[in-house]
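Protein sequences appear in the order of chains A, B, C and D.
Counting along the first sequence from 1, when you hit position 209 you're at 208 in numbering that gives the first Met the number 0, and nothing is skipped either side.
Counting along the second sequence from 1, when you hit position 14 you're at 13 in numbering that gives the first Met the number 0, and nothing is skipped either side.
Counting along the third sequence from 1, when you hit position 3 you're at 2 in numbering that gives the first Met the number 0, and nothing is skipped either side.
Counting along the fourth sequence from 1, when you hit position 152 you're at 151 in numbering that gives the first Met the number 0, and nothing is skipped either side.
This report concerns only the one structure given below.
Protein chains: 4
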Amino acid sequence: MQQILEEIFSAIKNHELKGSVATYIPELAKIDPNKFGMYLKFLNKEAYAVGDSFVPFSIQSISKVFATALLFSKIDDDLWLRVGKEPSGNPFNSLVQLENEKGFPRNPLINSGAIVVADMLLDVLGDPANDFLHFIRHLASDDSIDYDKTVYMSEKKSGFRNIALANFMKSFGNIHNDVDEVLDFYFLMCSVRMSCQQLSEAFLLFANHGVHPITLEAIMGVSQTKRMNALMQTCGFYDEAGEFTFKVGLPGKSGVGGGIVAILPKKYSVAVWSPVLNAKGNSEAGMKALELLTTKTGFSIF
Amino acid sequence: MQQILEEIFSAIKNHELKGSVATYIPELAKIDPNKFGMYLKFLNKEAYAVGDSFVPFSIQSISKVFATALLFSKIDDDLWLRVGKEPSGNPFNSLVQLENEKGFPRNPLINSGAIVVADMLLDVLGDPANDFLHFIRHLASDDSIDYDKTVYMSEKKSGFRNIALANFMKSFGNIHNDVDEVLDFYFLMCSVRMSCQQLSEAFLLFANHGVHPITLEAIMGVSQTKRMNALMQTCGFYDEAGEFTFKVGLPGKSGVGGGIVAILPKKYSVAVWSPVLNAKGNSEAGMKALELLTTKTGFSIF
Amino acid sequence: MQQILEEIFSAIKNHELKGSVATYIPELAKIDPNKFGMYLKFLNKEAYAVGDSFVPFSIQSISKVFATALLFSKIDDDLWLRVGKEPSGNPFNSLVQLENEKGFPRNPLINSGAIVVADMLLDVLGDPANDFLHFIRHLASDDSIDYDKTVYMSEKKSGFRNIALANFMKSFGNIHNDVDEVLDFYFLMCSVRMSCQQLSEAFLLFANHGVHPITLEAIMGVSQTKRMNALMQTCGFYDEAGEFTFKVGLPGKSGVGGGIVAILPKKYSVAVWSPVLNAKGNSEAGMKALELLTTKTGFSIF
Amino acid sequence: MQQILEEIFSAIKNHELKGSVATYIPELAKIDPNKFGMYLKFLNKEAYAVGDSFVPFSIQSISKVFATALLFSKIDDDLWLRVGKEPSGNPFNSLVQLENEKGFPRNPLINSGAIVVADMLLDVLGDPANDFLHFIRHLASDDSIDYDKTVYMSEKKSGFRNIALANFMKSFGNIHNDVDEVLDFYFLMCSVRMSCQQLSEAFLLFANHGVHPITLEAIMGVSQTKRMNALMQTCGFYDEAGEFTFKVGLPGKSGVGGGIVAILPKKYSVAVWSPVLNAKGNSEAGMKALELLTTKTGFSIF
């Protein structure tokens, strides 16, 4: 497997990227576009790494998976009273569908849905900012994981579309807390910095029926885990869910920081990072790397 | 004419209203639904009044006409670089069209367009809040006109849809100032309180080729005035522009406070107030009263 | 008035057109782009003409006014059970609004609405094709008016969007007759050929409270006529209703054949023809000519 | 496995269905709602059956998988020049997205996409009706499979929405052949009758890397097969792709005739039939039966 990762690393390094780094959050635009890391860990604890796999980066939308999982583990199917489970077919920050569907977001992995999840977490958690961070640290067994206050402030200042989404849903009654508080918490969650290694550790849970791979604690139920994986499979890649399902064939989630994390149930989790995004907002080299991985290993759903 | 107004007053008093008072702004929900006033003034200074025509009420969206006129008089056709001139065909606070048209509102008499107008006024006016109030006082020749701070605060606290609209347009680059400042000014303008008598005085301008009926000052150009009247004709009544054009046949503008003001070019302006709204958000008795007016007088465009 | 028309004619001839002739119906693409005619007739029977004002051309969408008027005169307000009265805010052949509103067209002057009108006429007229032609001939007092079978066949072969609209409404139950029959009749009505002189004669009805200007027969009621004029004012110019209302300020209707006809209630009707269309599908020189007319005469609503 | 199917059969028989049989095609409304069959075949040729698993029924939209596979095997990735690969997020027969995206359907498993596939097949096949039938018979190794002319005629007479879709796409240039011919072929393909046993046989191909399980012929490439499976996973269940992915976790396709067929790659294919549909248009008992199957066997992607 180490050899396969090396081959992927080498193929990526020789491949010229056509996209560009995310610019809509000023702080993210400063990243070095040549960064690349990949980390794969099996449930049996074997792990493989190449490149910048220990360098933390902004996980952005990948945080939506952690937030949904945390909320789901607390309130179970009450989650679906305020957010759907189906792919949206629209860009991740579109308001059109939201208007037609009266403020009910299609799923928790698009911005509108994740804002509702943030709102619900505020009601469920005693100390939301700390509890969320603790949840991730616990999953990754790593207390060095933290928020990035610069990215948080940067997003807060420029996140007009998200402010619009939150207020729009508030006007339909689907945000219960103060909009500014909800958005603060949403932006904070997006600002978490993690390395490929840390993401891979934290996502092993989803490959392991909801059981923490080290403590063996049942953090989510088997059915809840299956639902999370199904959500990632159908909704994890913005407008490119179909493409990712075909090319990679694993449930996963991407973020505009350039990270992608995916799992092969009962086998492994893998995280990859390269900040240059394609036209759909997914990491260009990350998509390629995961495609090469499932091609070379033959591990894929289909 | 006094007799005609009396007949209308009597017809309205005997007519049971089916709609209800606006509730989306808590402060407006407290109004007495039985209020009714009507005031008509000719360019030759003859004036006629019935009912509560000297009682001030919240003009709400009627302020959009004053704001657009003030801006138009300052920057002329540069106005149309950031807002359109066509009817929208959608509810006044819809975001769908705005998304499809990349943050460019259809016209300045719907919420999104008026928010852009507020943004532009911030750049043009030295002291926006005072200058706007002064403009209206000058048009109505009445310095007692003022903002209603309670309504302003009430709207500011509950105007989630408008906050969404403003941030959405900001994300497209069509709001230049700080969103909160723009919205503060927008909500402030909506909170102006005027009576039918004051509205009628202030709107004589539009019946008089842009010339102030008392000072004879040319406040707007002839062509600008024609454009304002055309805008009111096609866009002044939310989803009911066609209905109003047919039933009343005069350019005008309504507000959710229950006011409607209309003009017969070169002849008169007329304001009516009754807080009960029909399903489209226009004053039910106000529509009826103006319909009776044009039927009884035979003064109509068609 | 003759002098005014001559001045307009001369201004138009010296003005270079930027648009192009309609091409979506192959037969219409063959027209000479330099044709220009204008004809104005007062209710007092005075008439003025310049250019190709006696040359018949394809009236296209102007036929929607005749069809609606004929149906309205037969079934009165039952018309509104199956079609609305408000501007659409969307291109004339859009299906989006129709889907959201379950097959109920916004007004009878856009394609979807006119197709429903055609469907209803099939139920009301004994011999639809002849009755409709007879109606127009009667209004214009001219039996030489006829369908253009070449244009009819051309449109029938290439009218995919209209076939889509009709079948879409059928799927919602808002087309009662056989779709092909309805479309045949719709395309046939669009294919009528008339000159500016004939259109002007036929539209005098709408300037005359519904009374035939020669026979003095009451073809439509006063209120029906007012409604027709209001419809033309708000919905007669596709996406350019606001622009036309401002620039010309008269109720009217345009067609992609390059014709525009408008009325000044109680005064006159005027028809203009120039086949080159602007980006919105209205005659470029026709819009200009009518704008000059109301500017030069001072006759306008505002 | 036979015992598992018996248990499912028994659970289904004791479960009261809340939905109803498809009525939009009159011929389908006549079916006995109590029919139920299920057939599962492993690649190793073991097969298990319960209920009406040898009774042919109308496969309807399941035919879209056969049509796409046949076309894909002929023209490879040229397919994607005229149809997309992503979930639509809209009802299967919506025109809204199609208008916004200029006649380019989201994927070949919704009606619009399948109509484009039918159009392309007309260009590629020598004798479309026979070639398509032959393709299915060959996959199922069963020459008794046939079209149902009554259903075909029934759908042809009432398929207004599909006629609208086809003409709409023609207006955008994305239908090349005569619209009526395309629709005839599309309706014909939908009318194929197959039993659970025949569907299960025919779908083994998709569980077997594109290789015919009996003749060992490579009918599709490995990558093409993977793409077909990814398409079924993300787009096979109308608005319920997310739900099916979660509950069943297998790539599959449903039809309004009440059939569902799904595969576990490298293992088996399974077909189930029960004509009562849920609100989303998928077989209610069929969904339940497949959910029970993956729960009881533990065979699922997640």
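The beta-carbon is built from N, C-alpha and C at its ideal position, and this holds for glycine as well.
Please report whether the beta-carbon of residue i lies at a distance below 7 Å from any beta-carbon of chain A.
| i | result |
| --- | --- |
| Lys148 of chain D | no |
| Arg160 of chain B | yes |
| Pro274 of chain D | no |
| Gly88 of chain D | yes |
| Phe245 of chain D | yes |
| Pro264 of chain D | yes |
| Ala21 of chain D | no |
Since residue i meets chain D, which of its residues come closer than 8 Å, beta carbon to beta carbon?
| i | result |
| --- | --- |
| Glu242 of chain A | Lys84 and Glu85 |
| Gly248 of chain A | Lys225 and Ala229 |
Name the chain D residues that come within less than 7 Å of residue i, Cβ to Cβ?
| i | result |
| --- | --- |
| Phe186 of chain C | The premise fails here: Phe186 of chain C is roughly 14 Å from chain D at the closest Cβ pair, so nothing lies under 7 Å. |
So with Cβ pairs under 7 Å, would you call residue i a contact of chain B?
| i | result |
| --- | --- |
| Gln232 of chain C | yes |
| Ser143 of chain A | no |
| Glu26 of chain A | no |
| Arg226 of chain C | yes |
Thinking C-beta only, is residue j closer than 7 Å to residue i?
| i | j | result |
| --- | --- | --- |
| Val116 of chain A | Ala66 of chain A | yes |
| Gly102 of chain D | Asn43 of chain D | no |
| Lys246 of chain B | Glu290 of chain B | yes |
| Leu69 of chain A | Phe159 of chain A | no |
| Pro25 of chain C | Ser153 of chain C | yes |
| His211 of chain C | Asp118 of chain C | no |
| Phe186 of chain A | Tyr151 of chain A | yes |
| Met231 of chain D | Gly251 of chain D | yes |
| Gln303 of chain D | Asn89 of chain D | Within the shown structure, residues of chain D are numbered from 0 to 301, placing residue 303 of chain D beyond reach of any answer. |
| Thr294 of chain D | Gly248 of chain D | no |
| Ser111 of chain B | Pro104 of chain B | yes |
| Leu108 of chain C | Gly235 of chain C | yes |
| Thr296 of chain C | Ala229 of chain B | no |
So which residues on chain B does residue i lean against when the C-beta distance must stay under 9 Å?
| i | result |
| --- | --- |
| Asn176 of chain A | Ordered by position in chain B, no residue passes the 9 Å Cβ test against Asn176 of chain A, which lies about 13 Å from the chain. |
| Asn106 of chain C | Gly241 |
Between the Cα of residue i and the Cα atoms of the options, which residue gives the shortest distance?
| i | options | result |
| --- | --- | --- |
| Ser282 of chain A | A:Met227, A:Trp272 and A:Ile144 | A:Trp272 |
| Glu239 of chain B | C:Ser87, C:Asn207, C:Asn176 and C:Met188 | C:Ser87 |
| Gly50 of chain A | A:Ile74, A:Glu6, A:Leu80 and A:Ile30 | A:Glu6 |
| Leu263 of chain D | D:Thr224, D:Ile11, D:Ala113 and D:Leu108 | D:Thr224 |
Against chain C, with Cβ distances strictly below 7 Å, would residue i count as a contact?
| i | result |
| --- | --- |
| Asn166 of chain D | yes |
| Ala288 of chain B | no |
Anything in chain C within Cβ reach of residue i, meaning under 7 Å, just list it in chain order.
| i | result |
| --- | --- |
| Lys169 of chain D | Phe159 |
By the criterion of Cβ-Cβ separation under 8 Å, what are the contact partners of residue i in chain A?
| i | result |
| --- | --- |
| Ser93 of chain B | Glu98 |
In chain order, what residues of the same chain have a beta carbon less than 6 Å from the beta carbon of residue i, not counting five sequence neighbours either side?
| i | result |
| --- | --- |
| Pro55 of chain C | Arg192, Met193 and Ser194 |
| Ala270 of chain A | Tyr38, Cys195, Leu198, Ser199 and Val260 |
| Ala48 of chain D | Tyr38 |
Which residues in chain A sit within 7 Å of residue i, going by Cβ to Cβ distance?
| i | result |
| --- | --- |
| Ala163 of chain B | Ala163, Asn166, Phe167 and Ser170 |
Using a beta-carbon distance below 7 Å, is residue i in contact with chain D?
| i | result |
| --- | --- |
| Phe301 of chain A | yes |
Residue i versus chain C: which residues are under 8 Å apart at the beta carbon?
| i | result |
| --- | --- |
| Asp238 of chain B | Glu85 |
Could you pull out every residue in the same chain whose Cβ sits closer than 7 Å to the Cβ of residue i, ignoring the five residues on either side in sequence?
| i | result |
| --- | --- |
| Met188 of chain D | Ser62, Ala66, Ala117 and Phe131 |
| Tyr267 of chain B | Leu39, Lys40, Phe41, Leu42 and Ala206 |
| Glu85 of chain C | Arg105 and Asn106 |
| Ala113 of chain D | Lys63, Ala66, Pro107 and Tyr185 |
Please work out which residues of its chain come closer than 8 Å, Cβ to Cβ, to residue i, disregarding the five sequence neighbours upstream and downstream, and give them in chain order.
| i | result |
| --- | --- |
| Ala28 of chain A | Val20, Ala21 and Thr22 |
Could one say the Cβ of residue i lies closer than 7 Å to chain E's Cβ atoms, at least one of them?
| i | result |
| --- | --- |
| Leu215 of chain B | The chain labelled as chain E is not found among the protein chains of the depicted structure, namely A, B, C and D. |
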